[in-house]
Amino acid sequence: MELALHQARLAPLIGEVPIGAVLVHHNDVIAAAHNYREVSQDPTAHAEMIVIRKAAEQLQTWRLTDTTLYVTLEPCPMCAGAIVQARIARLVFGAWDPKAGACGSILNIPEERRFNHRVHVAGGIFEQESRALLQEFFRAKRDNASEKPHPPKPVI
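Take the sequence shown: its letters are residues 175 to 330, numbered as in our numbering.
This is how it looks when you write it as C-alpha coordinates:
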(Lines of atoms letter the chains of each structure in order from A and count residues from 1; the text may use other names and numbers.)
(Lines give C-alpha, C1' and ligand atoms only; values in the text may rest on other atoms or scores of the structure.)
Protein backbone atom coordinates (compact mmCIF):
# COMPACT_ATOMS: atom_id res chain seq x y z
CA MET A 1 0.00 0.00 0.00
CA GLU A 2 2.86 2.35 0.68
CA LEU A 3 3.98 2.05 -2.94
CA ALA A 4 0.43 2.85 -4.11
CA LEU A 5 0.44 5.90 -1.83
CA HIS A 6 3.76 6.95 -3.36
CA GLN A 7 2.19 6.75 -6.83
CA ALA A 8 -0.79 8.78 -5.59
CA ARG A 9 1.54 11.51 -4.31
CA LEU A 10 3.07 11.82 -7.78
CA ALA A 11 -0.26 12.39 -9.54
CA PRO A 12 -0.93 16.01 -8.43
CA LEU A 13 2.47 17.04 -9.80
CA ILE A 14 0.94 16.68 -13.28
CA GLY A 15 -2.56 17.86 -12.33
CA GLU A 16 -4.06 14.42 -11.73
CA VAL A 17 -6.26 13.28 -8.86
CA PRO A 18 -4.03 11.50 -6.31
CA ILE A 19 -4.98 7.87 -6.88
CA GLY A 20 -2.22 5.29 -7.14
CA ALA A 21 -2.12 1.58 -7.88
CA VAL A 22 0.46 -1.21 -7.72
CA LEU A 23 0.09 -4.78 -8.95
CA VAL A 24 2.17 -7.49 -7.26
CA HIS A 25 2.84 -11.00 -8.57
CA HIS A 26 4.61 -13.48 -6.26
CA ASN A 27 5.93 -10.62 -4.09
CA ASP A 28 7.32 -8.75 -7.12
CA VAL A 29 5.93 -5.38 -8.19
CA ILE A 30 5.14 -5.81 -11.88
CA ALA A 31 3.27 -2.56 -12.50
CA ALA A 32 2.73 0.79 -10.78
CA ALA A 33 0.87 3.89 -11.91
CA HIS A 34 -1.36 6.77 -10.95
CA ASN A 35 -4.28 8.33 -12.78
CA TYR A 36 -3.66 9.87 -16.22
CA ARG A 37 -7.22 10.89 -17.15
CA GLU A 38 -6.55 14.63 -17.33
CA VAL A 39 -3.20 14.37 -19.11
CA SER A 40 -4.43 11.88 -21.71
CA GLN A 41 -8.07 13.05 -21.81
CA ASP A 42 -8.93 9.34 -21.65
CA PRO A 43 -11.80 8.40 -19.34
CA THR A 44 -10.35 4.89 -18.95
CA ALA A 45 -6.92 6.08 -17.78
CA HIS A 46 -7.54 5.18 -14.14
CA ALA A 47 -4.52 3.92 -12.17
CA GLU A 48 -6.05 0.42 -11.92
CA MET A 49 -6.62 0.14 -15.67
CA ILE A 50 -3.07 1.25 -16.43
CA VAL A 51 -1.47 -1.28 -14.07
CA ILE A 52 -3.70 -4.08 -15.37
CA ARG A 53 -2.60 -3.31 -18.95
CA LYS A 54 1.08 -3.05 -17.94
CA ALA A 55 0.92 -6.30 -15.96
CA ALA A 56 -0.76 -8.21 -18.78
CA GLU A 57 1.99 -7.03 -21.11
CA GLN A 58 4.71 -7.89 -18.59
CA LEU A 59 3.35 -11.39 -17.89
CA GLN A 60 2.24 -11.88 -21.50
CA THR A 61 -1.22 -13.01 -20.43
CA TRP A 62 -4.52 -11.36 -19.63
CA ARG A 63 -5.07 -13.85 -16.79
CA LEU A 64 -3.48 -12.10 -13.82
CA THR A 65 -4.03 -14.95 -11.38
CA ASP A 66 -1.82 -15.04 -8.30
CA THR A 67 -1.68 -11.25 -8.22
CA THR A 68 -2.68 -8.62 -5.68
CA LEU A 69 -3.77 -5.13 -6.68
CA TYR A 70 -3.17 -2.32 -4.20
CA VAL A 71 -5.01 0.94 -4.88
CA THR A 72 -5.54 4.04 -2.75
CA LEU A 73 -9.26 4.48 -3.54
CA GLU A 74 -12.04 1.93 -3.83
CA PRO A 75 -12.33 1.06 -7.53
CA CYS A 76 -15.20 2.33 -9.67
CA PRO A 77 -17.49 -0.04 -11.66
CA MET A 78 -15.21 0.07 -14.73
CA CYS A 79 -12.10 -0.81 -12.75
CA ALA A 80 -13.87 -3.40 -10.60
CA GLY A 81 -15.10 -5.09 -13.77
CA ALA A 82 -11.60 -5.10 -15.23
CA ILE A 83 -10.24 -6.56 -11.99
CA VAL A 84 -12.71 -9.45 -12.26
CA GLN A 85 -12.09 -9.92 -15.98
CA ALA A 86 -8.31 -10.00 -15.39
CA ARG A 87 -8.78 -12.75 -12.77
CA ILE A 88 -6.86 -10.78 -10.14
CA ALA A 89 -6.87 -12.82 -6.95
CA ARG A 90 -6.84 -10.08 -4.32
CA LEU A 91 -7.69 -6.39 -4.08
CA VAL A 92 -6.49 -4.16 -1.26
CA PHE A 93 -7.67 -0.56 -1.23
CA GLY A 94 -7.38 2.50 0.98
CA ALA A 95 -10.27 4.95 1.12
CA TRP A 96 -13.88 3.93 0.57
CA ASP A 97 -15.70 5.82 -2.19
CA PRO A 98 -19.35 6.38 -1.23
CA LYS A 99 -20.09 8.14 -4.54
CA ALA A 100 -18.58 5.72 -7.08
CA GLY A 101 -17.19 2.71 -5.22
CA ALA A 102 -17.99 -0.68 -6.71
CA CYS A 103 -16.22 -2.91 -4.18
CA GLY A 104 -18.63 -2.60 -1.30
CA SER A 105 -19.87 1.00 -1.15
CA ILE A 106 -22.48 1.21 -3.93
CA LEU A 107 -21.96 -2.15 -5.62
CA ASN A 108 -19.77 -5.15 -4.87
CA ILE A 109 -18.62 -6.35 -8.27
CA PRO A 110 -15.50 -8.29 -7.13
CA GLU A 111 -17.51 -10.51 -4.79
CA GLU A 112 -20.59 -10.96 -7.02
CA ARG A 113 -21.37 -14.68 -6.91
CA ARG A 114 -22.93 -14.75 -10.38
CA PHE A 115 -19.59 -14.01 -12.04
CA ASN A 116 -17.25 -16.88 -12.78
CA HIS A 117 -14.42 -15.25 -10.79
CA ARG A 118 -14.46 -13.61 -7.39
CA VAL A 119 -11.80 -11.39 -5.92
CA HIS A 120 -10.86 -11.34 -2.24
CA VAL A 121 -11.23 -7.73 -1.10
CA ALA A 122 -9.73 -5.87 1.85
CA GLY A 123 -10.84 -2.24 2.11
CA GLY A 124 -9.89 0.58 4.44
CA ILE A 125 -6.16 -0.25 4.51
CA PHE A 126 -4.21 3.01 4.98
CA GLU A 127 -7.62 4.66 4.69
CA GLN A 128 -6.74 7.88 6.52
CA GLU A 129 -3.59 8.47 4.47
CA SER A 130 -5.43 7.77 1.21
CA ARG A 131 -8.36 10.01 2.13
CA ALA A 132 -6.06 12.82 3.31
CA LEU A 133 -4.32 12.94 -0.09
CA LEU A 134 -7.67 13.31 -1.85
CA GLN A 135 -8.96 15.91 0.61
CA GLU A 136 -5.78 18.01 0.34
CA PHE A 137 -5.89 17.87 -3.47
CA PHE A 138 -9.51 18.99 -3.75
CA ARG A 139 -9.11 21.62 -1.00
CA ALA A 140 -6.22 23.14 -2.94
CA LYS A 141 -8.27 23.09 -6.15
CA ARG A 142 -11.16 24.88 -4.44
CA ASP A 143 -8.80 27.43 -2.88
CA ASN A 144 -7.17 28.13 -6.26
CA ALA A 145 -10.57 28.51 -7.92
CA SER A 146 -11.74 31.02 -5.30
CA GLU A 147 -8.56 33.11 -5.69
CA LYS A 148 -9.08 33.69 -9.40
CA PRO A 149 -10.84 36.95 -10.19
CA HIS A 150 -14.33 36.47 -11.49
CA PRO A 151 -15.08 38.14 -14.82
CA PRO A 152 -17.40 41.13 -14.55
CA LYS A 153 -21.08 40.39 -15.08
CA PRO A 154 -22.51 41.87 -18.25
CA VAL A 155 -24.77 44.86 -17.82
CA ILE A 156 -28.10 44.33 -19.49
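For every residue, glycine included, the Cβ atom is placed at its ideal position computed from N, Cα and C.
Status (buried if at least 16 other CB within 10 Å, exposed otherwise) for residue i
i: H294; result: exposed
i: T239; result: exposed
i: T235; result: exposed
i: A319; result: exposed
i: A296; result: exposed
i: G194; result: buried
i: D317; result: exposed
i: V245; result: buried
i: L231; result: It is worth fixing the name first, because residue 231 is Glu in this sequence and not Leu. The residue in question, E231, is exposed, as its Cβ has fewer than 16 Cβ neighbours within 10 Å.
i: A206; result: buried
i: E310; result: exposed
i: L187; result: exposed
i: A314; result: exposed
Residues of its chain near residue i, where Cβ-Cβ distance is below 8 Å and the 5 sequence neighbours each way are ignored
i: R305; result: G268, A269
i: L233; result: H199, I204
i: E190; result: H208, N209, Y210, R211, E212, V213
i: L179; result: G194, T246, G268, F300, E303, S304, L307
i: D216; result: Y210
Which listed residue (the options) has its alpha carbon closest to that of residue i
i: A182; options: R316, G275, A319, F300; result: F300
i: I226; options: E176, P251, I262; result: I262
i: F312; options: K273, L179, P192, R237; result: P192
i: K273; options: C250, Q232, E285, K315; result: C250
i: G298; options: D271, E286, L307, A229; result: D271
i: L177; options: T242, I188, K315, P284; result: T242
Close Cβ partners of residue i (< 6 Å) along its chain, the five nearest in sequence each way excluded
i: L184; result: H208
i: F289; result: V258
i: L307; result: A182, P192
i: A229; result: L197, I204, A205, L238
i: M175; result: Y244, I299, F300
Residues near residue i in its chain [Cβ-Cβ closer than 7 Å; skip 5 each side]
i: C253; result: H220, E222, M223
i: P284; result: A254, I257, V258, L265, C277, R292, V293, V295
i: L281; result: P251
Residue i Cβ short of 7 Å to the ligand ZN heavy atom set
i: W270; result: For the ligand ZN, the structure offers nothing, since it holds no ligand at all.
Determine contact between the segment 251-270 and the segment 205-215, defined as no fewer than three beta-carbon pairs at a distance below 8 Å.
Contact between the segment 251-270 and the segment 205-215 is not established, with fewer than three Cβ pairs separated by less than 8 Å.
Stretch pair the segment 197-205 + the segment 250-258: three plus CB contacts closer than 8 Å:
In short, these stretches do not touch, since the Cβ pair count stays below three.
Sequence ranges, alpha helix (DSSP H) only - wholly within the segment 263-328, length at least 4:
Entirely contained in the segment 263-328, the alpha helix (DSSP H) runs reaching 4 residues are, in chain order, 301-321.
Cβ pair count under 8 Å reaching 3, the segment 273-281 against the segment 219-231:
Note that the segment 273-281 does not touch the segment 219-231; fewer than 3 beta-carbon pairs, one per stretch, sit closer than 8 Å.
Could I get the ranges of all uninterrupted alpha helix (DSSP H) runs contained in the segment 181-262, with 4 residues as the minimum, in chain order?
Listed in chain order, the complete alpha helix (DSSP H) runs (minimum 4 residues) inside the segment 181-262 are 211-214, 221-233, 251-259.
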